[in-house]
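S.K.: Mind looking over this structure? Questions follow.
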Amino acid sequence: MHETHGKLESRQNIPIAFFLAARGERVQLLPVLRIPGTKCADATRDGIEWEFKVPAGRTANAIDQALRGANRQAARVLIQVANEFDRQVLETAIYGRVRRAANIVEVAILLADALHHFTRQEILNNTFRGKMG
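Here the working numbering is used: the first residue of the sequence shown is 3, the next is one more, and so on.
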């Protein structure tokens, strides 16, 4: 972890980084850049920039806000959600925001101890639905 990675972000991002590292990925938490107009991803996963998000609620709006914020920071987004999150609500929110956020090329959902990856095309074609258990 970089020493300037934000404190609040660290509390959310470190457990995600440990989960990914336990799966054999090389994860590096990046410094927070406070330069207006500059994109700043949370981490690299095997050398590729990702933004990590942990939505505050279990609503479509919480997912939408997480994706909207991530869209300004990185093209790839990993969202950690509670296992109790309604899958249909989750899928609808992902589809709705990715359709409007041209920058997002991949979304990963960390749900319980499972990681689900979906490309932009899978989301827009709705072939990602029903694959999160």
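For every residue, glycine included, the Cβ atom is placed at its ideal position computed from N, Cα and C.
Between the C-alpha atoms of Arg102 and Ser12, what's the straight-line distance to the nearest angstrom?
M.R.: Numbered from its first residue, the sequence shown carries residue 102 at position 100. Numbered from its first residue, the sequence shown carries residue 12 at position 10. Their backbone Cα atoms lie some 29 Å apart in a straight line.
S.K.: Helix, strand or coil for Phe87, going by three-state DSSP, please let me know.
M.R.: Within the sequence shown, residue 87 is the residue found at index 85, counting from 1. If DSSP states are grouped into helix, strand and coil, Phe87 belongs with coil.
S.K.: Pull up the CB-CB distance for Val100 and Ile125, whole angstroms please, since I reckon it's below 8 Å.
M.R.: If you number the sequence shown from 1, residue 100 lands on position 98. If you number the sequence shown from 1, residue 125 lands on position 123. Correct: roughly 5 Å between the Cβ atoms.
S.K.: Which ranges would you report for the beta strand (DSSP E) in the region 5-84 if only whole runs of at least 3 residues count?
M.R.: Counting only runs of 3 or more, we get 29-31, 45-47, 50-55 and 78-83.
S.K.: Between which residues of its own chain and Thr46 is the CB-CB distance below 6 Å, once the five residues before and five after are set aside?
M.R.: Working through the sequence shown from its first residue, we reach residue 46 at position 44. Gln30, listed in sequence order.
S.K.: What residue from Leu22, Ala19, Arg89 and Arg74 has the CA that sits closest to Cys42's CA?
M.R.: One-based indexing of the sequence shown puts residue 42 at position 40. With distances taken between Cα atoms, Cys42 lies closest to Arg74.
S.K.: What is the residue span of the alpha helix (DSSP H) that Ile125 lies within?
M.R.: Taking the sequence shown and counting its residues from 1, one reaches residue 125 at position 123. Run containing Ile125: Arg122 to Leu126, per the alpha helix (DSSP H) assignment.
S.K.: Tell me the DSSP secondary structure of Ala116 in three-state form.
M.R.: Your numbering for residue 116 matches position 114 in the sequence shown. In the structure shown, Ala116 sits in a strand (DSSP, three-state: E or B).
S.K.: What separation, rounded to the nearest whole angstrom, lies between the Cα atoms of Ala64 and Arg89?
M.R.: Along the sequence shown, read from residue 1 onward, the residue named residue 64 stands at position 62. Along the sequence shown, read from residue 1 onward, the residue named residue 89 stands at position 87. Rounded to the nearest angstrom, the two C-alpha atoms are 14 Å apart.
S.K.: When DSSP builds the beta bridges, which residues end up paired with Thr110?
M.R.: On the sequence shown, position 108 is the one that residue 110 refers to. Here residue 110 is Ala; the residue named in the question, Thr, does not match the sequence. According to DSSP, Ala110 bridges with Leu80 and His119.
S.K.: With DSSP as the reference, label Gly135 as helix, strand or coil.
M.R.: Within the sequence shown, residue 135 is the residue found at index 133, counting from 1. Gly135: coil per DSSP, three-state reduction.
S.K.: Just how far apart, CA to CA, sit Gly59 and Ile96?
M.R.: Looking up residue 59 in the sequence shown gives position 57. Looking up residue 96 in the sequence shown gives position 94. Answer to the nearest angstrom: the Cα atoms are 15 Å apart.
S.K.: Distance, Cα to Cα, Val83 vs Ile111?
M.R.: Counted from its first residue, the sequence shown places residue 83 at position 81. Counted from its first residue, the sequence shown places residue 111 at position 109. Going from the Cα of Val83 to the Cα of Ile111 covers about 7 Å.
S.K.: Within 10 angstroms of the Cβ of Lys55, are there 16 or more other Cβ atoms? Answer buried if so, exposed if not.
M.R.: Stepping through the sequence shown from its first residue, residue 55 is reached at position 53. Answer is buried; the Cβ neighbour count reaches 16.
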